[in-house]
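Okay, structure first, notes after.
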Amino acid sequence: MTKKKIDNKNRKLFANSKIGFTLVSIILGLLVGAIVLAFAGYNPIDAYINLIQGVFKSPRNIGWAIVNSTPIILTGLGVCFAFQTGLFNMGAEGQFIIGSTIGFLFGYLLNLPPVIHVILTIIVAILAGLIYGGLAGFIKAKFGIHEVISTIMLNWIAFYFQNFIVYRYQKPNSMSTFDINDSAKVTLVHGAAKKFDGFFGQFFKAPIHLGIILAIICVVLVWFVLNKTSLGYKLKAVGLNREASIYGGINANNKIIQSMAISGALCSLAGVTQVMGYTYSLPLLSAMENFGFDGLAVSLLASNNPIGCIFSGLFLGSLKYAGSNLQRAMGVPSELISIIIGTIILFTAIPLIFKIIKAKLRKRGNK
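Position in the sequence shown (first residue = 1) + 748 = the numbering used here.
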């Protein structure tokens, strides 16, 4: 057996072990959720049946599950990209907000032909996220300030920036802005519910928009960049061992900035497509909306695999959407769904925790 065949076999075994562990984590999370439901006085079997029905009961529900999953697939992909360079992007939420705020400003203030308006707004929002994410990377590379600290601070700057814009363009007697112009909206098929019968007629009653297509395209592009280009090789080399990569001639600081910038651009794309395809306006924020923090969960559940972000994003997005159905059907508090999701992520993160502890113990042993 050649070395190449052995490497391919090992790679497949590693991938299968990750998938298997993720499935085990989901099952354990659901079991813990069942125990919590039982202690709270609810029938766990009925609850999970209602959860499944909340997504698959009708094509419209499937459509809504996809709408809820779209932004967190993109923010999860952004977090995943940063992870490849050994960076923990806690700023996905702020980068999402920057994307949605810039998207609103260009969508509302400009009057352009539809295609040009859409393309320009998306490009500008992506550039804004690129700069905002790159800023955190620059702070890390130039001053050595940990990206977790800088990105958390940048989240709050973005938070108050959005509220400032909302106050500036607030709709009378409302807690949100005016809607963006129709030329900037990216609903996938206008009036689709009237154009189709049967499954698709019901499916497109949910506001399916361009974001899901862009998310899939971005997943493919990120996978290609990370696995088939020299840039991806260098980014992962910095993530695996920064000192060794510098010794090998890689400009580690440059790669840190690039990684955070691309991560920010992906999270910003999530924000701009959300406002252009679904909400059409900006709400006055009283707390974070958690699209970025849910992206962290998506990336962890996907074991930081770009392709896996599609499936973990759809799973978590569907679970959160179905949680509202569970609340209506059985009166189960939506917070219980958050407990289930949190437990699943906890089980998923256990190997990472042991890996960090093992690395620290090895480092201490070498000293």
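Heads up, the beta-carbon is just placed ideally off N, CA and C, and yes, glycines get one too.
Problem - Chain-order list of residues whose beta-carbon lies under 8 Å from that of residue 1009 (same chain, five-residue window excluded) - result: Here residue 1009 corresponds to residue number 261 of the sequence shown, with the count starting at 1. 878, 879, 881, 882, 885, listed in sequence order.
Exercise for the section: Whole angstroms is fine: what's the gap from residue 766's alpha carbon to residue 1048's? Expected result: Reading the sequence shown from its first residue, position 18 is the one you call residue 766. Reading the sequence shown from its first residue, position 300 is the one you call residue 1048. Residue 766 and residue 1048: Cα-Cα distance of roughly 11 Å.
Problem - Whole-angstrom distance between residue 773 and residue 1093, CA atom to CA atom - result: Indexing the sequence shown from 1 puts residue 1093 at position 345. Indexing the sequence shown from 1 puts residue 773 at position 25. Their backbone Cα atoms lie some 8 Å apart in a straight line.
Exercise for the section: Could you tell me whether the Cβ atoms of residue 960 and residue 907 are closer together than 8 Å? Expected result: Position 212 of the sequence shown, counted from the first residue, corresponds to residue 960. Position 159 of the sequence shown, counted from the first residue, corresponds to residue 907. The answer is no: Cβ separation not under 8 Å.
Handout entry: Per-residue burial, residue 1042 [other beta carbons within 10 Å of its own, 16 or more giving buried]
Key = The sequence position of residue 1042 within the sequence shown is 294, counting from 1. Label assigned to residue 1042: buried.
Exercise for the section: Could you check the C-alpha separation between residue 789 and residue 813 for me, to the nearest Å? Expected result: On the sequence shown, residue 789 is found 41 positions in, with the first residue counted as 1. On the sequence shown, residue 813 is found 65 positions in, with the first residue counted as 1. Distance between the alpha carbons of residue 789 and residue 813 is about 27 Å.
Practice task
Can you tell me which of 998, 839, 1063 puts its alpha carbon nearest to the alpha carbon of residue 821?
Solution key: Mapped onto the sequence shown, residue 821 falls at position 73. The candidate whose alpha carbon is nearest that of residue 821 is 1063.
Practice task
Under the assumption that residue 950 contacts residue 807 (Cβ atoms under 8 Å), give the Cβ distance between them as a whole number of angstroms.
Solution key: Stepping through the sequence shown from its first residue, residue 950 is reached at position 202. Stepping through the sequence shown from its first residue, residue 807 is reached at position 59. Residue 950 to residue 807, Cβ: 4 Å. Contact.
Exercise for the section: Could you check what DSSP says for residue 957 in three-state terms: helix, strand or coil? Expected result: As a position in the sequence shown, residue 957 is number 209, starting the count at 1. Three-state DSSP puts residue 957 in a strand.
Practice task
Between the Cα of residue 984 and those of 805, 832, 783, 824, spot the shortest distance and give me the residue it belongs to.
Solution key: Position 236 of the sequence shown, counted from the start, is the residue given in the question as residue 984. Nearest C-alpha to residue 984: 832.
Handout entry: Burial state of residue 854, where buried means 16 or more other Cβ atoms lie within 10 Å
Key = Walking along the sequence shown from the start, residue 854 turns up at place 106. Residue 854 should be labelled buried.
Practice task
Give every residue of the same chain whose Cβ lies closer than 7 Å to the Cβ of residue 1095, excluding the five residues on either side of it in the sequence, and list them in chain order.
Solution key: Locating residue 1095 in the sequence shown gives position 347, where the first residue counts as 1. Within the same chain, residue 1095 has close Cβ partners 773, 776, 777.
Exercise for the section: Have a look at residue 1034 and residue 995 and give me their C-alpha separation to the nearest angstrom. Expected result: For the purposes of this step, residue 1034 is taken as residue 286 along the sequence shown, with counting starting at 1. For the purposes of this step, residue 995 is taken as residue 247 along the sequence shown, with counting starting at 1. Each residue's alpha carbon lies about 47 Å from the other.
Problem - C-beta atoms of residue 852 and residue 1029 nearer than 8 Å - result: Residue mapping note: residue 852 aligns to position 104 of the sequence shown, counting from 1. Residue mapping note: residue 1029 aligns to position 281 of the sequence shown, counting from 1. In this structure, residue 1029 lies closer than 8 Å to residue 852 by Cβ.
Practice task
State the beta-bridge partners of residue 924 as determined by DSSP.
Solution key: For this step, residue 924 is matched to residue 176 along the sequence shown. Looking at the DSSP assignment, residue 924 forms a beta bridge with 1031.
Problem - Nearest-angstrom Cβ-Cβ length linking residue 1013 and residue 798, presumed shorter than 8 Å - result: To locate residue 1013, count along the sequence shown from 1; it is residue 265. To locate residue 798, count along the sequence shown from 1; it is residue 50. That pair is no contact at about 38 Å.
Handout entry: Inter-residue spacing [alpha-carbon to alpha-carbon] between residue 864 and residue 1059
Key = Translated into the one-based positions of the sequence shown, residue 864 becomes position 116. Translated into the one-based positions of the sequence shown, residue 1059 becomes position 311. Between residue 864 and residue 1059, the C-alpha separation is close to 32 Å.
Handout entry: Simplified DSSP assignment, three categories, for residue 1129
Key = Here the chain comprises residues numbered 749 to 1115, so residue 1129 is not present and cannot be evaluated.
Practice task
Please look up how many angstroms separate the CB atoms of residue 1074 and residue 802, rounded, as I've assumed it's under 8 Å.
Solution key: For the purposes of this step, residue 1074 is identified with residue 326 of the sequence shown, where counting begins at 1. For the purposes of this step, residue 802 is identified with residue 54 of the sequence shown, where counting begins at 1. Yes, they are in contact, since the Cβ atoms of residue 1074 and residue 802 sit about 6 Å apart, within 8 Å.
Handout entry: Three-way DSSP call (helix, strand, coil) for residue 977 in this model
Key = The residue given as residue 977 occupies position 229 in the sequence shown. Reduced to three states, the DSSP call for residue 977 is coil.
Problem - Distance CB(residue 1000)-CB(residue 1011) smaller than 8 Å - result: Within the sequence shown, the letter at position 252 stands for residue 1000. Within the sequence shown, the letter at position 263 stands for residue 1011. Not a contact, by the Cβ cut-off of 8 Å.
Practice task
Taking residue 1045 as the reference, give the member of 787, 968, 811, 826 with the closest Cα.
Solution key: Counting from 1 along the sequence shown, the entry for residue 1045 is found at position 297. Among 787, 968, 811, 826, the Cα nearest to that of residue 1045 belongs to 826.
Handout entry: For residue 833, three-class secondary structure by DSSP
Key = Taking the first residue of the sequence shown as position 1, residue 833 is located at position 85. Looking at residue 833 - three-state DSSP - the assignment turns out to be coil, as it is neither helix nor strand.
Handout entry: 8 Å CB neighbourhood of residue 947 in its chain, flanking five on each side removed
Key = Along the sequence shown, one-based indexing puts residue 947 at 199. Closer than 8 Å at the Cβ level, and outside the excluded window around residue 947, lie 807.
Problem - Backbone CA spacing between residue 1037 and residue 840 [nearest angstrom] - result: The residue you call residue 1037 lines up with position 289 of the sequence shown. The residue you call residue 840 lines up with position 92 of the sequence shown. So the alpha carbons of these two residues sit roughly 11 Å apart.
Exercise for the section: Out of 842, 1068, 1051, state which residue places its alpha-carbon closest to the alpha-carbon of residue 771. Expected result: On the sequence shown, residue 771 is found 23 positions in, with the first residue counted as 1. For residue 771, the nearest C-alpha among the options comes from 1051.
Problem - Start-to-end residues for the alpha helix (DSSP H) that takes in residue 1064 - result: Within the sequence shown, the letter at position 316 stands for residue 1064. Element bounds for residue 1064: 1054-1078.
Problem - Contact belief for residue 856 with residue 921 at Cβ below 8 Å, rounded distance in angstroms - result: If you number the sequence shown from 1, residue 856 lands on position 108. If you number the sequence shown from 1, residue 921 lands on position 173. 18 Å between Cβ atoms; not a contact.
Handout entry: Contact under 8 Å by Cβ, residue 834 with residue 987
Key = Locating residue 834 in the sequence shown gives position 86, where the first residue counts as 1. Locating residue 987 in the sequence shown gives position 239, where the first residue counts as 1. Yes.
Handout entry: Straight-line Cα distance separating residue 1025 from residue 862
Key = For the purposes of this step, residue 862 is taken as residue 114 along the sequence shown, with counting starting at 1. For the purposes of this step, residue 1025 is taken as residue 277 along the sequence shown, with counting starting at 1. Going from the Cα of residue 862 to the Cα of residue 1025 covers about 13 Å.
Problem - Buried versus exposed, by CB contacts within 10 Å (16 or more), residue 1003 - result: Counting from one through the sequence shown, the residue named residue 1003 turns up at place 255. With 16 or more other Cβ atoms within 10 Å, it is buried.
Practice task
Output yes or no for whether 8 Å exceeds the beta carbon distance between residue 1018 and residue 899.
Solution key: The sequence position of residue 1018 within the sequence shown is 270, counting from 1. The sequence position of residue 899 within the sequence shown is 151, counting from 1. For residue 1018 and residue 899, no; Cβs fall outside 8 Å.
Exercise for the section: Examine the ligand NAP and report whether any of its heavy atoms sits within less than 7 Å of the Cβ of residue 1060. Expected result: Here there are no bound small molecules, and the ligand NAP is not part of this structure.
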